[in-house]
Amino acid sequence: MEQIAFYDAKPYDKIWFDALAPAAGISIRYLENRLDKETALLAHGCRAACMFVSDTADEPALRALSALGVEALALRCAGYNNVDISAAERNHIAVYRVPAYSPSSVAQHALALLLTLARRTHKAFTRTRERNFSLEGLTGIDLEGMTVGVIGTGKVGLKFCQMCMGIGMKVIAYDINPIWGMGIEYVRMDELLRRSDVISLHCPLTPQTYHMISRSAFHAVKDGVYIINTSRGALIDSQALLDNIKSGKVGAAGLDVYEEETDYFYEDVSSKVMSDDTLNLLLSQPNVLVTGHQAFLTDQALRAIAETTVDNLRCFFEGVKSPNRLRPAASAAAL
Ligand code: NAI
Numbered sequence: 003m004e005q006i007a008f009y010d011a012k013p014y015d016k017i018w019f020d021a022l023a024p025a026a027g028i029s030i031r032y033l034e035n036r037l038d039k040e041t042a043l044l045a046h047g048c049r050a051a052c053m054f055v056s057d058t059a060d061e062p063a064l065r066a067l068s069a070l071g072v073e074a075l076a077l078r079c080a081g082y083n084n085v086d087i088s089a090a091e092r093n094h095i096a097v098y099r100v101p102a103y104s105p106s107s108v109a110q111h112a113l114a115l116l117l118t119l120a121r122r123t124h125k126a127f128t129r130t131r132e133r134n135f136s137l138e139g140l141t142g143i144d145l146e147g148m149t150v151g152v153i154g155t156g157k158v159g160l161k162f163c164q165m166c167m168g169i170g171m172k173v174i175a176y177d178i179n180p181i182w183g184m185g186i187e188y189v190r191m192d193e194l195l196r197r198s199d200v201i202s203l204h205c206p207l208t209p210q211t212y213h214m215i216s217r218s219a220f221h222a223v224k225d226g227v228y229i230i231n232t233s234r235g236a237l238i239d240s241q242a243l244l245d246n247i248k249s250g251k252v253g254a255a256g257l258d259v260y261e262e263e264t265d266y267f268y269e270d271v272s273s274k275v276m277s278d279d280t281l282n283l284l285l286s287q288p289n290v291l292v293t294g295h296q297a298f299l300t301d302q303a304l305r306a307i308a309e310t311t312v313d314n315l316r317c318f319f320e321g322v323k324s325p326n327r328l329r330p331a332a333s334a335a336a337l
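In structure tokens form, the structure reads like this:
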């Protein structure tokens, strides 16, 4: 049996990893800690470590892992903006990811955020539990015929486009690699901002996409636009979003990700003081719906994540090539 150090383990991770790892000759040391340069020490005796979106695999952490004899890092996610791939190569650590596990799960969550905000069901839920059946303030919008601007039409974005077409929305999109023949009208970013009633983000966080929804982008959008983000928090300038929510320029925001989320997301911090005023104020607005990076969290996706991760680790231990290995050249643009 090869033992691996499994960082930031949650009870829902264990269900599928416990079911699949033993048959691949892998035993798992579950760690509640997040990976960083200090906690790297907890991987002693392991040739591989496994991490998720809130772990940090920067040069110091990778150097510490390498010094302990760790030769592989298996990500339980698709995005890898928290891993220094070049530093991993320099420290002789092979990095693997799960490129796709359930694009429909993520797209459905984006749609759930949109429908909830459009029909105020988050308000109705709390109201009716108090036996308050008043409809005052619950007037929604009918999305049929409205224009949704989708930024990034890869695996998740394409599913989201199809779902939006299913409810009668007009879909326009911006992507540096358009897919033709799917009934999507590709437009330039400035046109997308100008024409969209709803903007949904589905591109990765890269140096090019950092704060792509910037203060100036908010100037260009339609009054009352809905913003949906299930991709990465730093695609949006959060302070600019808050200011535009407060001014009424943005009609609603559904956020599954937040740019400073690692300080709070995935943990119960309800009894702690929250020092992030931007997040505090976003959470306090009636037209902002925040979920804690849960778009991936379905039974199907958890199973697929475990299957691919275990297979990535098996490939590493058996010395077999894997298409899921990340190389510096391929990832240089996708930080
Ligand atoms: P993907 O790689 O299949 O698609 C990304 C698309 O973005 C591609 O079509 C690409 O050409 C496009 N793109 C790249 N740079 C761009 C730019 N500068 N401007 C416009 N488009 C650009 O990725 P997938 O699987 O669809 O995932 C999308 C994102 O969703 C991921 O990057 C990840 O950050 C996020 N995600 C979030 C999850 C959650 O639980 N909230 C779960 C899984 C993914």
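For the sequence shown, this note's numbering begins at 3 and goes up steadily by one. Even for Gly, the Cβ is constructed at its ideal location relative to N, Cα and C. Fair warning: this is a prediction, and the values are worked out from it, not measured in the lab.
For Tyr82, the shortest C-beta to heavy atom distance toward the ligand NAI is 7 Å or greater. Annotation for Val173: no alpha helix (DSSP H) segment contains it, though the beta strand (DSSP E) segment containing it runs 172 to 176. If only uninterrupted alpha helix (DSSP H) runs of at least 4 residues are considered, those enclosed by the region 107 to 152 are 123 to 131.
Assignment of Tyr9 by DSSP, reduced to helix, strand and coil, places it in the coil class. Taking the C-beta atoms as reference points, Ala51 is found no nearer than 8 Å to Asp86. Counting along the chain, Gly256 sits inside the beta strand (DSSP E) bounded by residues 252 to 257.
For Ala109, same chain residues with a beta-carbon under 7 Å away, outside a window of 5 residues either side, are Val158, Lys161, Phe162, Met165 in chain order. The C-beta distance from Ser107 to Ala297 rounds to 7 Å, short enough to fall under 8 Å. Ile201: member of the beta strand (DSSP E) spanning 200 to 203, first to last residue. A residue is called buried once 16 or more other Cβ atoms fall within 10 Å of its Cβ, and His46, having fewer, is exposed. For Ile229, DSSP records a beta bridge to Ile201, Ala255. According to DSSP, Leu77 shares a beta bridge with Met53. Pairing Ala242 with Met171, the inter-Cα distance amounts to about 27 Å. Within the same chain, Cβ atoms closer than 8 Å to the Cβ of Leu43 are found at Ala66, Leu70, the five residues on either side in sequence being excluded. Put simply, the backbone Cα of Ile307 is about 10 Å away from that of Leu299. In the displayed model, Arg305 falls within a helix according to three-state DSSP. Secondary-structure assignment with DSSP links Glu4 through a beta bridge to Ile28.
If you compare the alpha carbons of Asp20, Thr141, Thr149, Pro206 with that of Tyr188, the shortest gap goes to Thr149. When secondary structure is reduced to three states using DSSP, Leu33 falls in the coil class, being assigned neither helix nor strand. In terms of Cα proximity to Arg305, the closest of Pro206, Val173, Cys79, Ser286 is Cys79. For Phe319, the distance from the CB to the nearest heavy atom of the ligand NAI is not below 7 Å.
For Val97, the uninterrupted beta strand (DSSP E) run begins and ends at 96 to 98, by DSSP. With contacts defined by Cβ atoms closer than 8 Å, Ser198 and Lys224 form a contacting pair.
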